[in-house]
Amino acid sequence: DHGKTTLTAAIATVCAKKFGGEAKDYAAIDSAPEEKARGITINTSHVEYDSPTRHYAHVDCPGHADYVKNMITGAAQMDGAILVCAATDGPMPQTREHILLSRQVGVPYIVVFLNKCDLVDDEELLELVEMEVRELLSTYDFPGDDTPVIRGSALLALNGDASQYGEDAVVALVEALDTYIPEPERAIDLPFLMPIEDVFSISGRGTVVTGRVETGIVKVGEEVEIVGIKDTVKTTVTGVEMFRKLLDEGRAGENCGVLLRGTKREDVQRGQVLAKPGAIKPHTKFDAEVYVLSKEEGGRHTPFLNGYRPQFYFRTTDVTGAIALKEGVEMVMPGDNVEMSVELI
């Protein structure tokens, strides 16, 4: 136990004390409630805290599988992660697993908290553990040399100890989060993308596609591309409407209809996306890190083999894909965590 949950409680407690907000005690975090996301049971604790400049939403999971499920269901989009490593043990197999998982699911930034430093008398030993963690980060393409590594003791901090390994270490950790993890991009600032849910013909005006704008802004007069399923086609937006009102633009989060110039009803279909030209490229092959639902979670009762062809759901449609498992893997059991390559057919 490297002390993830103790650290989570310590951050919430110290931030509440120093920067305002409400502290959550260890027991409340440790009894991670089960939550259902798309029918999957995930154990997670959500904690929120404030730094001098930001408001953080922090997720603490008991097990590795819970992180995998969390990220796969999109229950949590991580802008960064705190890697907790006990100075008394050094990097353990789960440390490597957590770094690999962060790499696979696209966590962009990691800050390291070297925990239980009060139990290590030898400064050289701390140096050694820090060096090992940095090397491990570099192995998985994180910038090991530039990653902030904070030394401290979550337990001392949680108990209000004012020494360098106590509250000061947690304050230093939060400062590292503030400075090292950049502001996440908001959906509105990203290129325009709208999954098409429905297509209508309006006599005398042309073809309207409807959907919820996922990212960016679409304006009347702009060129857009229709991407996916068939060859990519360029067209021009001649109108945007919401609740039967004509508008100049549609923004991220809004449900709207987009009128397309010269596009025939049969040229567009549900499941395609409308996007800023060049912003998105369609693929028929991809590699995936997959959690296979157990029977209890509403998943399969039986294993599946190489070449299995399930349906893959993409935004507003589904497509059949053929699965290729890694060499040496013959079959996958419900509840397994597995890497695979998929070719859509």
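Counting with our numbering, you get residues 316 to 660 for the letters of the sequence shown. Even glycine gets a Cβ: it sits at the ideal position worked out from N, Cα and C. Keep in mind the model is a prediction, meaning the values are calculated, not measured.
- With contacts defined as CB atoms closer than 8 Å, Pro-510 and Lys-591 fail to qualify as a contacting pair.
- Of Phe-457, Val-533, Pro-597, the smallest CA-CA separation from Leu-508 is found for Val-533.
- By the neighbour-count criterion, in which 16 or more other beta carbons inside 10 Å mark a residue as buried, Glu-438 falls on the exposed side.
- When DSSP assignments are scanned along the region 426-495, the uninterrupted stretches of beta strand (DSSP E) that are 3 or more residues long and fall wholly within it turn out to be 464-466.
- In this structure, the alpha-carbon of Asn-621 lies about 10 Å from that of Glu-642.
- Going by C-alpha positions, Asp-483 is about 54 Å away from Arg-585.
- Proximity to Val-555 across Thr-321, Gly-521, Asp-582 peaks at Gly-521, based on C-alpha coordinates.
- In this structure, Glu-654 keeps its C-beta atom at 8 Å or more from the C-beta atom of Thr-599.
- Closest by C-alpha distance to Lys-332, out of Ala-472, Val-548, Ser-656, Gln-419, is Ala-472.
- Under the DSSP definition of a beta bridge, Tyr-606 partners with Asn-652.
- If you check the CB distance, Pro-458 and Asp-394 do not come in under 8 Å.
- Beta-bridge partners assigned by DSSP to Glu-538: Thr-551.
- Just so you know, the alpha carbons of Gly-405 and Ile-496 end up roughly 24 Å apart.
- Between Val-552 and Val-539 the beta-carbon gap is near 6 Å, inside 8 Å, which marks them as a contact.
- Here the region 556-570 makes no contact with the region 601-614; the two share fewer than three CB pairs at distances below 8 Å.
- By the Cβ-count criterion, Thr-368 is exposed, with fewer than 16 other Cβ atoms from all chains shown falling within 10 Å of its own Cβ.
- Inter-residue distance for Val-486 and Ile-465 is about 10 Å (C-alpha atoms, whole angstroms).
- The beta carbons of Asn-430 and Ala-469 sit closer together than 8 Å.
- Closest by C-alpha distance to Val-448, out of Asp-436, His-413, Gly-519, is His-413.
- A straight line joining the alpha-carbon of Glu-337 with that of Leu-589 spans about 43 Å.
- For Thr-632 and Ile-544, the gap between their C-alpha atoms comes out near 10 Å.
- Excluding sequence positions up to five before and after Glu-445, its CB lies within less than 7 Å of the CB of Leu-429, Val-464, all in the same chain and listed in chain order.
- For Ser-516, there is no enclosing alpha helix (DSSP H); the residue is found in the beta strand (DSSP E) stretching over 513-517.
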